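Asks: Take the sequence shown: its letter number 108 is residue 108 in full-length UniProt numbering, and every next letter is one higher. Every residue, glycine too, gets a C-beta built ideally from N, C-alpha and C. It should be emphasised that the depicted structure is a prediction, and the values quoted were computed from it without experimental measurement. Take a look at this one; I'll ask things after.
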Amino acid sequence: MTTDRKQDDAAPVERLAEDRNWIGTTGFQRRHILAGGAFAAGFAAACRPIASSAVQTSAEGLTEDNVSIPASDGFAMPAFVARPADGKAAPVIVVVHEIFGVHEWIRDICRRFAKAGYYAIAPDLFARHGDATKVADFKQLIGTIVSKAPDAQVLADIDTTYGWAGKHGGDAKRRGITGFCWGGRVVWLYAAHSADLDAGVAYYGRLVTDKTPLQPLSAIEEVGKLKAPVLGQYGALDKGIPLTDVEAMRAALVKAGKSPPDAITVHDGADHGFMADYRPSYNEAAAKAAWDATLDWFGTYVKR
1 MTTDRKQDDA
11 APVERLAEDR
21 NWIGTTGFQR
31 RHILAGGAFA
41 AGFAAACRPI
51 ASSAVQTSAE
61 GLTEDNVSIP
71 ASDGFAMPAF
81 VARPADGKAA
91 PVIVVVHEIF
101 GVHEWIRDIC
111 RRFAKAGYYA
121 IAPDLFARHG
131 DATKVADFKQ
141 LIGTIVSKAP
151 DAQVLADIDT
161 TYGWAGKHGG
171 DAKRRGITGF
181 CWGGRVVWLY
191 AAHSADLDAG
201 VAYYGRLVTD
211 KTPLQPLSAI
221 EEVGKLKAPV
231 LGQYGALDKG
241 IPLTDVEAMR
251 AALVKAGKSP
261 PDAITVHDGA
271 DHGFMADYRP
281 SYNEAAAKAA
291 WDATLDWFGT
301 YVKR
C-alpha cells in the first residue's frame, strides 16, 4: 500500500545520520550497537543468506563475470556483470550499491535484472578508497570509505561503466540506472548529470544532504537539471529520509516541470532498506510492489 500523505509541519522529524539510520534497521539490540557497531555492519556487509526471506536468484540462463573497467583516471575499477546468456545485446542497467559496496545482495539484484532481459552491471564506486565489504564498523565505513568518494568521481565512473558495457555485449544506447540508499542518491544525481540516460529508479536515496567539498551535491537542488525520468521509492517509516523531505522533493519536481513523468512512491509500513531481503528491514509487500514498478518503469523508458 502506498500513500501521498504529508508530514505534519508541527511535528518535525529528526533526520538521522546515515550510519545511525542503517543501525536502526538492522534488528540488533541496543547493547550490541553500544558494543562497537561491528555487529550491525558485519550483519549487512557479509550479506549471506542468513534470513529466511533472503532471495537467491539462479544463474541458470545467465552469464556472470567479475570484470575490471579502466576508469578515466587509469584506475582499474572492479565490477560485477550479469546478463542473458543468449549473447544478444541487452539494454544496460547500472546498479549502484549501498554503503556496503558490491556485496552478494547487489550481485543478486544484477541477476534479477538479467533474468528480466537486461545487461546489469554493478561497478565498485568505493574501490579506490577501500573494500567496503570488509569493514565491520559503521563509523569507520562512513569515515574512511563512503565520505571519501567524490561526487565527480562517482559520476565519471558511471559514464565509463556505460561506455565499457557498450563494448562488451551491452546495448549502451539504452540506459537505465538504479541504486539503493547511498546509491539511491546517486541515481538522482546521475539523472541530472547525463543526457544519455533513459531512466532511473532511486530506492530510498537521500534527498537533502549535508554538503562537503568532495560531495557538494544535494539531490533536491539538482531537480531542475534532470535529463531523464526518475521513479523514487521510499518508506513511510524511514527516519533518515522523513516525509517532509519527500514532500519537498515532490514539490520541487512539480515546480521544475519534471512531474510527470518523474514520480515518488511512499510505501506504508516500510522502513529504510525495505528491499534488502537479507535484513530485518525487509518488507515483502513493499519490495514486490517496488520491484514490479521498477520493471514497468524500465520497460517503458529503457527497453522501448
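If you measure between the beta carbons of V228 and G183, is that distance less than 9 Å?
Replies: Taking the sequence shown and counting its residues from 1, one reaches residue 228 at position 228. Taking the sequence shown and counting its residues from 1, one reaches residue 183 at position 183. Inspection of the sequence shows that residue 228 is occupied by Ala rather than by Val. In this structure, G183 does not lie closer than 9 Å to A228 by Cβ.
Asks: Does DSSP classify V302 as helix, strand or coil?
Replies: The residue labelled residue 302 in the question sits at position 302 within the sequence shown. Judged by DSSP in its simplified three-state form, V302 adopts helix.
Asks: Output the residue ranges of the alpha helix (DSSP H) runs that lie fully inside the region 152-197 and measure 4 residues or longer, sorted by chain position.
Replies: 182-193
Asks: Where do the N-terminal and C-terminal ends of the alpha helix (DSSP H) with Q215 fall, by residue?
Replies: Here residue 215 corresponds to residue number 215 of the sequence shown, with the count starting at 1. It is not in any alpha helix (DSSP H) - Q215 carries neither H nor E in the DSSP assignment.
Asks: Could you pull out every residue in the same chain whose Cβ sits closer than 7 Å to the Cβ of A116, ignoring the five residues on either side in sequence?
Replies: By 1-based counting over the sequence shown, the position of residue 116 is 116. Once the five neighbours on either side are set aside, the close Cβ partners of A116 are L295.
Asks: Sorted by chain position, which residues of the same chain lie with C-beta nearer than 7 Å to D9's C-beta, five sequence neighbours on each side aside?
Replies: Counting from 1 along the sequence shown, the entry for residue 9 is found at position 9. At D9 the pLDDT is 44, less than 50, meaning the model places this residue with poor confidence and gives no usable figure here.
Asks: Measure the alpha-carbon distance for V102 versus G257 and round it to whole angstroms.
Replies: Position 102 of the sequence shown holds residue 102. Position 257 of the sequence shown holds residue 257. Their Cα atoms are separated by approximately 35 Å.
Asks: Would you mind stating whether D238 and A270 have Cβ atoms separated by less than 9 Å?
Replies: Within the sequence shown, numbered from 1, the residue matching residue 238 stands at position 238. Within the sequence shown, numbered from 1, the residue matching residue 270 stands at position 270. Going by C-beta atoms, D238 is nearer than 9 Å to A270.
Asks: Can you tell me which of Q153, F113, M77, D131 puts its alpha carbon nearest to the alpha carbon of I99?
Replies: Working through the sequence shown from its first residue, we reach residue 99 at position 99. Residue D131 is the option with its Cα nearest to I99.
Asks: According to the neighbour-count rule (16 or more other Cβ atoms, all chains shown, within 10 Å of its Cβ), is S281 buried or exposed?
Replies: Locating residue 281 in the sequence shown gives position 281, where the first residue counts as 1. Counting Cβ neighbours within 10 Å, S281 comes out buried, since at least 16 surround it.
Asks: On the criterion of 16 or more Cβ atoms from any shown chain inside 10 Å, does A79 qualify as buried, or is it exposed?
Replies: As a working note, residue 79 is residue 79 in the sequence shown. Classification for A79: buried.
Asks: Short of 6 Å in beta carbon distance, which residues of its chain neighbour P261, apart from the five on each side in sequence? Order them along the chain.
Replies: Numbered from its first residue, the sequence shown carries residue 261 at position 261. The residues are P229.
Asks: Would you decide whether V135 is buried or exposed? Buried here means 16 or more other CB atoms lie within 10 Å of its CB.
Replies: Residue 135 sits at position 135 when you count from the first residue of the sequence shown. Answer is buried; the Cβ neighbour count reaches 16.
Asks: DSSP three-state label for H129, please.
Replies: For the purposes of this step, residue 129 is taken as residue 129 along the sequence shown, with counting starting at 1. Helix, per DSSP.
Asks: Pick helix, strand or coil for residue 310, following the three-state DSSP scheme.
Replies: Examination of residue 310 is not possible in this model, given that the chain is present from 1 through 304 alone.
Asks: Counting C-beta neighbours from all protein chains within 10 Å, is the total for T178 16 or more, i.e. buried, or is it exposed?
Replies: Counting from one through the sequence shown, the residue named residue 178 turns up at place 178. Buried, since its Cβ has 16 or more Cβ neighbours within 10 Å.
Asks: Name, in chain order, the residues that DSSP records as bridge partners for M77.
Replies: As a first step, residue 77 must be located in the sequence shown, where it is residue number 77. Paired residue(s): I69.
Asks: On a Cα-Cα basis, can you pick out the residue from D196, W188, L243 that is closest to L217?
Replies: Reading the sequence shown from its first residue, position 217 is the one you call residue 217. If we check each option's Cα against that of L217, W188 comes out closest.
Asks: Alpha carbon to alpha carbon, what distance is there between R304 and V208?
Replies: Looking up residue 208 in the sequence shown gives position 208. Looking up residue 304 in the sequence shown gives position 304. If I take the Cα positions, the gap works out to 32 Å.
Asks: What three-state label does DSSP hand V223 in the structure shown?
Replies: Indexing the sequence shown from 1 puts residue 223 at position 223. In the three-state reduction of the DSSP assignment, V223 falls in the helix class.
Asks: Taking residue 326 as part of the alpha helix (DSSP H), name the residues at either end of that continuous run.
Replies: No answer is possible for residue 326: it lies beyond the span of the chain, which begins at 1 and ends at 304.
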